[in-house]
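Engineer:
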Amino acid sequence: MESDPSLHPWLLAAVLVVLIYRVAMAGLLEGFHALPSLQRRRMLEEESLQHPRLAALLGRPHAFGLGVLLWNQFLLVLLLGLVWPLRYTLPGGAWTTVGLTLVYIWAMDMALPTLMTAARPADWMERFFPFYAPVSGLMGVLVEPLARFVERKREAHDRAREDEDEDPSGDAVTALLEEGEAEGILEEEDRELIRNVVGFGDTVVREVMTPRTLLHGIDAAATYDEISLAFRENRHSRMPVFQGTADHIIGILLLKDFLQVQSEDQLDLAQLAKEPIFVPESKPIPELLRELQRVRMQMAIVVDEFGSVSGVVTLEDLLEEVFGEIREEHEDDGLAEQVQDGALLLPGNFHVEDLQARLERGWDHEGYDTVAGLVMARLGRVPSPGDEILVEGARISVVRMEGARVLQVRVDPEG
Numbered sequence: 013m014e015s016d017p018s019l020h021p022w023l024l025a026a027v028l029v030v031l032i033y034r035v036a037m038a039g040l041l042e043g044f045h046a047l048p049s050l051q052r053r054r055m056l057e058e059e060s061l062q063h064p065r066l067a068a069l070l071g072r073p074h075a076f077g078l079g080v081l082l083w084n085q086f087l088l089v090l091l092l093g094l095v096w097p098l099r100y101t102l103p104g105g106a107w108t109t110v111g112l113t114l115v116y117i118w119a120m121d122m123a124l125p126t127l128m129t130a131a132r133p134a135d136w137m138e139r140f141f142p143f144y145a146p147v148s149g150l151m152g153v154l155v156e157p158l159a160r161f162v163e164r165k166r167e168a169h170d171r172a173r174e175d176e177d178e179d180p181s182g183d184a185v186t187a188l189l190e191e192g193e194a195e196g197i198l199e200e201e202d203r204e205l206i207r208n209v210v211g212f213g214d215t216v217v218r219e220v221m222t223p224r225t226l227l228h229g230i231d232a233a234a235t236y237d238e239i240s241l242a243f244r245e246n247r248h249s250r251m252p253v254f255q256g257t258a259d260h261i262i263g264i265l266l267l268k269d270f271l272q273v274q275s276e277d278q279l280d281l282a283q284l285a286k287e288p289i290f291v292p293e294s295k296p297i298p299e300l301l302r303e304l305q306r307v308r309m310q311m312a313i314v315v316d317e318f319g320s321v322s323g324v325v326t327l328e329d330l331l332e333e334v335f336g337e338i339r340e341e342h343e344d345d346g347l348a349e350q351v352q353d354g355a356l357l358l359p360g361n362f363h364v365e366d367l368q369a370r371l372e373r374g375w376d377h378e379g380y381d382t383v384a385g386l387v388m389a390r391l392g393r394v395p396s397p398g399d400e401i402l403v404e405g406a407r408i409s410v411v412r413m414e415g416a417r418v419l420q421v422r423v424d425p426e427g
């Protein structure tokens, strides 16, 4: 069978048009699949004004993807129909035609679109979308039943995952943070802040309080000069007032109230001190924050399950849980001191989670929150200067003690 040579120019032109058209559709589809979800949401907002039809299609990603895929397959069938008559003009006939078609499908459907859209998928989508826009309505009608089926299955799958997941919202935020980091949208400080906000609701008072051993208080029987000295030495704006022992706290004395007193004769701690609020160690800090706002206080007394005072927690402690350590002018520049060979000198009340972050290691620390608690838990006794323990990634040595309290440790990273 001989072909009609007069048809060849028109046939070749039609093949060329379909070839270019399919490259555009393959690029649009590849760009759509390569578009990260964060960028897709941002593009959805931007395109709602510039390209409302594209924004509408992006709002239903399953229908959009299926529509482009269906149109691209139709173009492939059309291309095969146009190319087949050319077998008469090619050396090797049908085999050459099939071979060239397969090479085209691999190069133009897979390799080239991937290379083009890898770096800037959103830009390529905007460039290629005008090729699809004229048929988007028709394709939307054709794929609507299948798109609705896929969307229902996806929704059911997502609900099942949420039921099985103990903290789906936290996982979702973590995934978005990782995606934002990969795209360079979020800086390290921003990511850390968001992580702290997400973890804020899971934190209890015991994890952020100032422990009793570090508590500075004022005896109810203290003189004017003794109270003045206590405020000067400790540099606090408020301190608890106790009667007899630290387990009997009767109030909170504010420095601004004390400064209104001019002499010993005018001093009446019972009148000056604010009534304290007591909270359990297990109280979630979001609830404590709301309570402090309600009573207009910045300090609460923390008690354990037996009613003994465990420590105090301030509004500053809660803010530091989100924003990090807040150092005052008179305080040291940092809690951790770097020494030779990469070792660290840490106070005993340094949080274990912060140490794990520095070492990029993790281990179970249930039952204690500080490095001092870690040392005591591993030794099974009150440590002495020079005692050492090994944890994953480091050796921890006790440097200074004050009675039964660990004041300072040395951390030598391994490896």
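To convert, take the position in the sequence shown, counting from 1, and add 12; that gives this note's numbering.
Cβ atoms here follow ideal geometry from the backbone N, Cα and C, with glycine treated the same way.
#1: Just reading off the beta strand (DSSP E) that G79 is part of, what are its end residues?
#2: For A242, I'd like the list of residues in its chain whose CB is within less than 6 Å of its CB, leaving aside the five on either flank, ordered along the chain.
#3: Restricting to Cα atoms, I'd like to know which of R218, A355 and T382 is closest to E293.
#4: Any idea what DSSP makes of E14, helix, strand or coil?
#5: Could you name each continuous alpha helix (DSSP H) segment of 4 residues or more that falls completely within the region 204-289, going from the start of the chain to the end?
#6: Comparing alpha-carbon positions, which option in V411, R412, R373 and G415 lies nearest V403?
#7: Span of the alpha helix (DSSP H) holding E299?
#8: Along the alpha helix (DSSP H) that carries D366, what are the first and last residues, could you check?
#9: Am I right that G319 and L227 are in contact with their C-beta atoms under 8 Å? What's the rounded C-beta distance?
#10: So, at 8 Å on beta carbons, what are the nonlocal neighbours of D399 in its own chain, with the 5 sequence-adjacent residues on each side left out?
#11: Per DSSP, which residues does R417 bridge with? Please list them.
#12: Using C-beta distances below 8 Å, list every residue in its chain close to V147, excluding the 5 sequence neighbours before and after it, in chain order.
#13: Going by the DSSP bridge assignment, what does E400 pair with across the sheet?
#14: Which word fits A25, buried or exposed, when buried means at least 16 other C-beta atoms lie within 10 angstroms of its C-beta?
#15: Taking only the alpha-carbon atoms, compute the straight-line gap between E276 and L301 and give it to the nearest angstrom.
#16: Do V314 and V325 have their C-beta atoms within less than 7 Å of each other?
#17: Over the uninterrupted beta strand (DSSP E) stretch that includes V325, give me the two end residues.
#18: Below 7 Å between beta carbons: does that hold for I264 and M311?
#19: Just list the residues that DSSP pairs R422 with in beta bridges.
#20: Less than 7 Å separating the beta-carbons of L279 and D269?
#21: Within 10 angstroms of its Cβ, does P252 collect 16 or more other Cβ (buried), or is it exposed?
#22: Out of curiosity, what's the CA-to-CA distance linking T382 and Y236?
#23: Give me the Cα-Cα distance between E245 and I239, rounded to the nearest whole angstrom.
#24: For the alpha helix (DSSP H) that contains V387, what are its first and last residues?
Structural biologist: Walking through what the data contain:
#1: Taken as a continuous stretch (DSSP letters only), G79 belongs to no beta strand (DSSP E), being part of the alpha helix (DSSP H) at P73 to V95.
#2: By the criterion of a C-beta distance shorter than 6 Å, A242 is surrounded in its chain by I230, once the five residues flanking it on both sides are discounted.
#3: Between E293 and the set R218, A355 and T382, the nearest pair of CA atoms involves R218.
#4: In this predicted model, E14 has a pLDDT of only 46, less than 50, meaning its place in the structure is not dependable; the value taken from the coordinates is given anyway. E14 falls in the coil class under three-state DSSP.
#5: Listed in chain order, the alpha helix (DSSP H) runs fully inside the region 204-289 are 236-246, 267-270 and 281-284, counting runs of at least 4 residues.
#6: Nearest C-alpha to V403: R373.
#7: E299 -> alpha helix (DSSP H) spans I297 to V307.
#8: D366 -> alpha helix (DSSP H) spans V364 to L371.
#9: With 8 Å as the limit, G319 and L227 do not qualify as a contact, their Cβ atoms being about 16 Å apart.
#10: Excluding positions up to five away in sequence, the list reads V387, L391, S409 and V410.
#11: Looking at the DSSP assignment, R417 forms a beta bridge with E414.
#12: If we look at V147 and ignore the five residues flanking it on each side, its Cβ neighbours are W83.
#13: DSSP links E400 through a beta bridge to S409.
#14: It counts as exposed.
#15: Cα to Cα, the separation comes out at about 36 Å.
#16: The Cβ-Cβ distance between V314 and V325 falls below 7 Å.
#17: Counted as a single uninterrupted DSSP element, the beta strand (DSSP E) harbouring V325 occupies residues V321 to T326.
#18: A contact, by the Cβ cut-off of 7 Å.
#19: Residue pairing by DSSP places R422 opposite L357 and S409 in a beta bridge.
#20: Going by beta carbons, L279 and D269 fall outside the 7 Å limit.
#21: Classification for P252: buried.
#22: Cα-Cα distance, rounded: 36 Å.
#23: The alpha-carbon of E245 is positioned some 10 Å away from that of I239.
#24: Note, V387: alpha helix (DSSP H), V383 to L391.
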